[in-house]
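Numbering (my numbering), first residue to last: 978 to 1368.
Have a look at the structure below before the remarks.
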């Protein structure tokens, strides 16, 4: 078996949409992480790796931001990737013209819709905002683009107004509407309610763009899908403004392993993709980050190691090779004889039972004194106990 999860998952009667679209915004919202700036070559390499993963849509950037950004988006759009290439555009004609110049397949055009944003950021009335949005949607559709309309701060917007503006967007030809949970302030139950309410009025696709301020971006995205939404915005490693966005790797693996929804992604590329984004953004992936973290398939506890040596799925929900990771048995304070014996076997070194016990004791002692047990330290411990040997 490649994975083993709770059998109770299947007992919950859930209904996901027949078609789910994942659009990745690492190159746009992910790059808006403070201190991150990707050059065109880096953006193109990440886009290629996303395409290897078989991502459905790539939000390549925000062309109006700068000439270099326009260059990057255009290069990605003309690379011949299988993914649909989309870019961000304000509800302004010049933004859409800049996107058209980049040869993208579509745009996400956005407008803040909450009274908080309308009053304090845009200084527009609800009616003024609505009219501006429709003009930009119509203009983009007239030029043959896929058009998604995103209501910024949708989850703090008056429900009647939100329904009205989304319905208008549909009437003006939008292909999809986006629920932007801009400050990660909705709950999974709130998302369930909101999507179901919107489904009563709309006949087009609904996407969830969730931020992770309360650690619920993944849960909110899945809740939205179960309520009838059909698209989710993600970023690699969950990067993005403040607490980041829905993590691409967490979403696709949760859907596949926990819920049994295989979207056809080439998940063996996940770790390589994560490392590439980590390198170019200079944002370190936390050791215990789900799916791609350094510690996800590392084991030290003697009880755990004993079981993992015999059957990895005792302490791993899925095998590391699925996502391009490797298992590692770590020696330390909690190590037992079996873990040390496994390490000795790797080195081709035979020891007596007494020697093994002494080596285990020395491993624990060294670690408690603050020494990490790397290969050099381990070899020194073994030589100290049993004398010189050749590996």
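The beta-carbon is built from N, C-alpha and C at its ideal position, and this holds for glycine as well.
Values in this document were obtained by computation on a predicted structure and should not be read as measured data.
Rounded to whole angstroms, the separation of the alpha carbons of residue 1184 and residue 1253 is 27 Å.
Residue 1361 counts as exposed, since fewer than 16 other C-beta atoms from the protein chains shown sit within 10 angstroms of its C-beta.
According to the DSSP assignment, residue 1065 belongs to no alpha helix (DSSP H) but to the beta strand (DSSP E) extending over 1061-1067. Around residue 1094, the same chain offers 1130 as residues with beta carbons nearer than 6 Å, after the five sequence neighbours per side are excluded. With the rule of 3 Cβ pairs closer than 8 Å, the segment 1173-1181 does not count as touching the segment 1109-1116. Counted as a single uninterrupted DSSP element, the beta strand (DSSP E) harbouring residue 1210 occupies residues 1208-1211. If you check the CB distance, residue 1197 and residue 1002 do not come in under 8 Å.
With a cut-off of 8 Å on Cβ pairs, the segment 1049-1067 is not in contact with the segment 1274-1281, counting fewer than three such pairs. Beta-bridge partners assigned by DSSP to residue 1188: 1222. Considering only 1143, 1124 and 1082, the residue with the shortest C-alpha distance to residue 1089 is 1143. In summary, residue 1316 is buried, with 16 or more beta-carbon neighbours lying within 10 Å of its beta-carbon over all protein chains present. Apart from sequence neighbours up to five positions away, the residues of its chain that approach residue 1175 with a beta-carbon distance below 7 Å are 1140, 1143 and 1183, ordered along the chain. Given a length threshold of 4 residues, each whole run of the alpha helix (DSSP H) inside the segment 1089-1162 is given here in chain order: 1103-1119 and 1136-1148. Non-local beta-carbon contacts of residue 1137 in its own chain, meaning distances under 8 Å to residues more than five positions away in sequence, are absent. When the Cα atoms are used, residue 1168 and residue 1085 turn out to be separated by approximately 21 Å.
In the structure shown, the three-state DSSP call for residue 1034 is strand. About 12 Å separates the CB atoms of residue 1235 and residue 1268; that is not less than 8 Å, and the two are not in contact. At a Cβ-Cβ threshold of 8 Å, residue 1309 and residue 1245 do not count as neighbours. Under the three-state reduction of DSSP output, residue 1237 falls in the coil class, being neither helix nor strand. Per DSSP, residue 1000 lies in no alpha helix (DSSP H); the unbroken beta strand (DSSP E) holding it starts and ends at 998-1001. According to the DSSP assignment, residue 1216 belongs to no alpha helix (DSSP H), since it is labelled neither H nor E. In the three-state reduction of the DSSP assignment, residue 980 falls in the strand class. Judged by pairs of C-beta atoms under 8 Å, the segment 1317-1325 does not touch the segment 1250-1264, as fewer than three such pairs exist.
In this model, residue 1192 and residue 996 are separated by some 26 Å (Cα to Cα). Residue 1157 is a Cβ neighbour of residue 1186, given a cutoff of 8 Å.
The Cβ atoms of residue 1240 and residue 1023 lie no closer than 8 Å to each other. Taking all protein chains in view, the Cβ of residue 1026 is crowded by 16 or more other Cβ atoms within 10 Å, so the residue is classified as buried. The residue from 1347, 1116 and 1357 with its alpha-carbon nearest to that of residue 1335 is 1357. Under the DSSP assignment, residue 1016 falls outside any alpha helix (DSSP H); it carries neither an H nor an E label. Remark: C-beta atoms of residue 1213 and residue 1225 approach each other more closely than 8 Å. Assigned with DSSP and collapsed to three states, residue 1311 falls in coil, not helix or strand. In the structure shown, residue 1009 falls within a helical segment according to DSSP collapsed to helix, strand and coil.
The C-beta of residue 1203 has 16 or more other C-beta atoms within 10 Å across all chains shown, which makes the residue buried.
When DSSP states are grouped into helix, strand and coil, residue 1083 belongs to the strand group. Judged by their CB atoms, residue 1070 and residue 1041 are not nearer to each other than the 8 Å cut-off. Per DSSP, the beta bridge partners of residue 1276 are 1306.
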